[in-house]
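Participant:
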Amino acid sequence: MKLGIIRCMQTEDYCPGTADFKAVREKTGAFAEVGEEIEIVGFINCGGCPGKKAVLRARELVKRGADTIAFASCIHKGTPIGYPCPFAKKMQQLVAADLGADITYLEYTH
């Protein structure tokens with residue numbers, strides 16, 4: 373798996389992504405069933421509310437080799453600030469519509 377992770381821009385001051393990287397490394401959370409090696413291609417934020425640059429950034433991750441796009445847990449679960457993104461579903465829909473079915477999408481990381 374070649375993985376690109378999109379995270380919430382609002383959480384960058386609180387979270388350096390260590391739980392995301394740990395979940396990948398230890399194959400827990402969304403990666404628990406992944407049998408193959410996981411390579412992180414990129415880790416980038418959504419561009420700010422309402423995920424205004426997520427499509428462009430997901431395209432760039434795919435251009436750089438990602439075959440899987442994960443929306444970090446800060447987006448869907450609201451960790452660590454306790455506030456899930458109100459635009460999460462729409463952001464994921466827009467990214468999937470743009471990139472198509474050849475890409476795998478994960479709604480969370482850990």
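In this note's numbering, the protein residues as written are 373 to 482. Ideal Cβ placement from N, Cα and C applies to all residues, glycine included.
By the 10 Å Cβ neighbour count, where 16 or more other Cβ atoms means buried, how is Cys421 classified, buried or exposed?
Facilitator: Cys421 is exposed by the Cβ-count criterion.
Participant: Buried or exposed, going by whether 16 or more other CB atoms sit within 10 Å of the CB of Thr390?
Facilitator: Flag for Thr390 reads exposed.
Participant: By the DSSP assignment, the alpha helix (DSSP H) with Arg397 in it spans what residues?
Facilitator: That run of the alpha helix (DSSP H) goes 390-398.
Participant: At which residues does the alpha helix (DSSP H) containing Glu432 begin and terminate?
Facilitator: Looking at the DSSP string, the run of the alpha helix (DSSP H) that includes Glu432 is 426-435.
Participant: Quick one: grab the DSSP three-state call for Ala444.
Facilitator: Correct three-state label for Ala444: coil.
Participant: Could you say which of Val396, Lys424, Lys394, His482 lies nearest to Gln465 if we only look at CA atoms?
Facilitator: Of the listed residues, the one whose Cα sits closest to Gln465 is Lys424.
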